[in-house]
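Here the protein sequences come in this chain order: X and L. The numbering of the first sequence is the numbering used here, which starts it at 50 and goes up by one. The numbering of the second sequence is the numbering used here, which starts it at 250 and goes up by one. As structure tokens, the structure follows; a few thoughts come after it.
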Amino acid sequence: MGVDRMSGKLYVARSSQIAARKLDGEMMIMSAVDSTLFTLNETATVVWEAADGSTSLDEIVASRICGQFDVAHGEALQDAGELVRQLAAHGILLVSEEPIPAQGLAKKAGA
Amino acid sequence: MLELAAPGDSSSVTIEIGGIATRVAAADPTFVQMLENRYAGFVSSRADADFHFHVDLGEPGVADPDAEVSVTQDSGCWSVQRGDFRAEWEPASRRGRIRQSPNHYSIDAVLRILHSLLLARQGGFLLHAASAIRNGKAFLFAGVSGAGKTTIAGLAPADASLLTDEISYVRKQAYGYSACGTPFTGELEKPGENISAPIAALYLLAKGPANRIEPVPAAEAARALLSNILFFAKDKEMVGALLHSACEFVSRVPVSRLTFVLDFSVWGLIG
Numbered sequence: 050m051g052v053d054r055m056s057g058k059l060y061v062a063r064s065s066q067i068a069a070r071k072l073d074g075e076m077m078i079m080s081a082v083d084s085t086l087f088t089l090n091e092t093a094t095v096v097w098e099a100a101d102g103s104t105s106l107d108e109i110v111a112s113r114i115c116g117q118f119d120v121a122h123g124e125a126l127q128d129a130g131e132l133v134r135q136l137a138a139h140g141i142l143l144v145s146e147e148p149i150p151a152q153g154l155a156k157k158a159g160a
Numbered sequence: 250m251l252e253l254a255a256p257g258d259s260s261s262v263t264i265e266i267g268g269i270a271t272r273v274a275a276a277d278p279t280f281v282q283m284l285e286n287r288y289a290g291f292v293s294s295r296a297d298a299d300f301h302f303h304v305d306l307g308e309p310g311v312a313d314p315d316a317e318v319s320v321t322q323d324s325g326c327w328s329v330q331r332g333d334f335r336a337e338w339e340p341a342s343r344r345g346r347i348r349q350s351p352n353h354y355s356i357d358a359v360l361r362i363l364h365s366l367l368l369a370r371q372g373g374f375l376l377h378a379a380s381a382i383r384n385g386k387a388f389l390f391a392g393v394s395g396a397g398k399t400t401i402a403g404l405a406p407a408d409a410s411l412l413t414d415e416i417s418y419v420r421k422q423a424y425g426y427s428a429c430g431t432p433f434t435g436e437l438e439k440p441g442e443n444i445s446a447p448i449a450a451l452y453l454l455a456k457g458p459a460n461r462i463e464p465v466p467a468a469e470a471a472r473a474l475l476s477n478i479l480f481f482a483k484d485k486e487m488v489g490a491l492l493h494s495a496c497e498f499v500s501r502v503p504v505s506r507l508t509f510v511l512d513f514s515v516w517g518l519i520g
């Protein structure tokens with residue numbers, strides 16, 4: 050898996066095997082596989098919400114992270130790569146070097 | 250389709266918890282008598298039980314007797330296994346079977362799981378919490394083992410009615426949420442009273458040097474609630490329902506952290 054490869058494009062998508070809900074600005078995600086609960090901070094929530102399978106992580110970081118938070122692109126991309134690696138390891142985010150078809154992906158959680 | 254083995258059943262008992270009646274039938278009247286004693290206070294005379302179970306008494310025949318509980322759904326049929334029992338039921342026909350040795354611990358577990366699944370579809374849940382009714386309102390005291398559920402239940406004054414010291418039964422209602430008494434006991438080994446009332450507050454228990462109540466923000470409350478809900482199904486639809494229910498609950502019921510000292514004075518803050 051090319052999660053650690055920051056030179057190539059990575060595409061991320063929310064797994065269909067989760068339930069997600071945003072409460073008081075905090076994203077809560079439960080795995081349907083083992084009922085583990087994850088809560089995401091503000092930046093991680095931005096990445097999660099933008100993980101539509103067709104937008105690359107690089108684009109998400111450039112347009113959604115660097116545009117909203119005061120952080121250098123390289124540093125933000127490295128942090129985002131680590132985040133998606135961790136979420137992918139738990140099976141709640143899909144990561145690919147190719148765009149991920151929308152079929153079977155989770156919808157963005159509402160408040 | 251499961252067979253409901255009515256032939257050979259010489260005895261049965263209907264156990265009604267949270268308004269849901271489960272008829273349990275077995276060939277051995279001694280076993281049924283044991284259940285009547287165990288669930289005294291929750292035995293119902295309702296003829297129209299919501300669920301019907303037949304219990305086959307014997308070794309459950311599971312592969313691993315030390316295995317944790319496993320809950321799966323296949324073609325609309327729920328299967329539940331633990332080292333000491335096997336159970337399966339069809340929600341559509343509301344009938345099922347349990348294979349276990351003659352003890353009440355196994356059927357206790359089956360009932361908890363059955364009710365947790367039924368409640369999940371209705372926006373309710375079973376919660377690791379003591380609960381009691383005072384002045385017409387129900388109060389829940391949640392926490393992991395050792396947090397003080399049994400302690401605070403044991404400290405309850407005479408004007409409080411104990412619903413449980415271990416597993417609270419939460420139902421969604423049009424007006425909010427209600428708590429119902431359960432026969433599920435913790436260290437107190439005293440079944441709750443078979444009554445219910447609207448839930449006025451959920452307290453997250455912590456022992457400390459002084460009695461204190463502090464509001465808990467919604468997201469933190471939802472996380473704490475989810476960590477205390479009994480949930481067994483590895484099923485996407487059920488997980489989604491559970492997460493939705495927890496968020497709904499904390500948006501409608503005040504959640505606070507209750508730090509308390511180990512004496513009766515804490516009940517001065519409750520009710």
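For each residue, glycine too, the CB sits at the ideal point set by N, CA and C. On a predicted model such as this, the values are computed, not experimentally measured, just so you know.
>> Tell me the rounded alpha-carbon separation between Ala-468 (chain L) and Glu-98 (chain X).
In response: Your numbering for residue 468 (chain L) matches position 219 in the second sequence. Your numbering for residue 98 (chain X) matches position 49 in the first sequence. Distance between the alpha carbons of Ala-468 (chain L) and Glu-98 (chain X): 18 Å.
> Closer than 9 Å, Cβ to any Cβ of chain A: which residues of the region 482–499 of chain L, in chain order?
Replying inline: Included in the structure are the protein chains X and L, with no chain A among them.
> For His-139 (chain X), which of X:Met-79, X:Asp-73, X:Lys-58 and X:Glu-75 has the nearest alpha-carbon?
Replying inline: For the purposes of this step, residue 139 (chain X) is identified with residue 90 of the first sequence, where counting begins at 1. Out of X:Met-79, X:Asp-73, X:Lys-58 and X:Glu-75, the CA that lies nearest to the CA of His-139 (chain X) is found in X:Met-79.
> Can you tell which of X:Val-61, X:Ser-145, X:Leu-86 and X:Glu-91 has the C-alpha that lies nearest to the C-alpha of Ala-100 (chain X)?
Replying inline: Residue numbering aside, residue 100 (chain X) sits at position 51 when the first sequence is read from its first letter. Among X:Val-61, X:Ser-145, X:Leu-86 and X:Glu-91, the Cα nearest to that of Ala-100 (chain X) is on X:Val-61.
> Alpha carbon to alpha carbon, what distance is there between Lys-483 (chain L) and Asp-83 (chain X)?
Replying inline: In the first sequence, the residue the question calls residue 83 (chain X) occupies position 34. In the second sequence, the residue the question calls residue 483 (chain L) occupies position 234. Each residue's alpha carbon lies about 6 Å from the other.
> Alpha carbon to alpha carbon, how far is Val-262 (chain L) from Val-359 (chain L)?
Replying inline: For the purposes of this step, residue 262 (chain L) is taken as the residue at position 13 of the second sequence. For the purposes of this step, residue 359 (chain L) is taken as the residue at position 110 of the second sequence. C-alpha separation (whole angstroms): 15 Å.
> Is it right to say Pro-432 (chain L) is buried, meaning 16 or more other beta carbons lie within 10 angstroms of its own, or is it exposed?
Replying inline: Mapped onto the second sequence, residue 432 (chain L) falls at position 183. Pro-432 (chain L) is buried by the Cβ-count criterion.
> Cβ of Val-133 (chain X) within 8 Å of Cβ of His-122 (chain X)?
Replying inline: Walking along the first sequence from the start, residue 133 (chain X) turns up at place 84. Walking along the first sequence from the start, residue 122 (chain X) turns up at place 73. Not in contact: Val-133 (chain X) and His-122 (chain X) (Cβ atoms no closer than 8 Å).
> Do we get a CB-CB distance below 8 Å when we pair Glu-131 (chain X) with the residues of chain L?
Replying inline: The count along the first sequence starts at 1 and reaches residue 131 (chain X) at position 82. So, not an interface residue.
> Since Ala-449 (chain L) and Phe-390 (chain L) are thought to touch, with beta carbons under 8 Å apart, how far apart are those beta carbons, to the nearest angstrom?
Replying inline: The count along the second sequence starts at 1 and reaches residue 449 (chain L) at position 200. The count along the second sequence starts at 1 and reaches residue 390 (chain L) at position 141. The Cβ separation is near 12 Å, so there is no contact.
>> Closer than 7 Å between beta carbons: that is the criterion. Which residues of the region 58–78 of chain X meet it against chain L?
In response: Near chain L, meaning a CB-to-CB distance below 7 Å, the residues of the region 58–78 of chain X are Gln-66, Ala-68, Arg-70, Leu-72, Asp-73, Glu-75 and Met-77.
>> Applying the 10 Å Cβ sphere with the 16-neighbour rule, what's the burial state of Ile-444 (chain L)?
In response: Translated into positions along the second sequence, residue 444 (chain L) becomes position 195. Per the 10 Å Cβ criterion, exposed.
> Of the residues X:Ser-105, X:Thr-88, X:Val-96 and X:Ser-145, which one's Cα is nearest the Cα of Phe-118 (chain X)?
Replying inline: Here residue 118 (chain X) is taken as the residue at index 69 of the first sequence, counted from 1. The shortest Cα separation from Phe-118 (chain X) among X:Ser-105, X:Thr-88, X:Val-96 and X:Ser-145 belongs to X:Val-96.
> Whose Cβ in chain X lies nearer than 7 Å to the Cβ of Pro-466 (chain L)?
Replying inline: Here residue 466 (chain L) corresponds to residue number 217 of the second sequence, with the count starting at 1. Simply Asp-73.
>> Against chain L, does Val-82 (chain X) count as a neighbour if the rule is that its beta carbon must be under 8 Å from one of theirs?
In response: Your numbering for residue 82 (chain X) matches position 33 in the first sequence. True, the Cβ-Cβ gap to chain L drops below 8 Å.
> Taking DSSP as the reference, what is the three-state secondary structure of Val-133 (chain X)?
Replying inline: As a position in the first sequence, residue 133 (chain X) is number 84, starting the count at 1. Residue state for Val-133 (chain X) is assigned as helix, using DSSP reduced to three classes.
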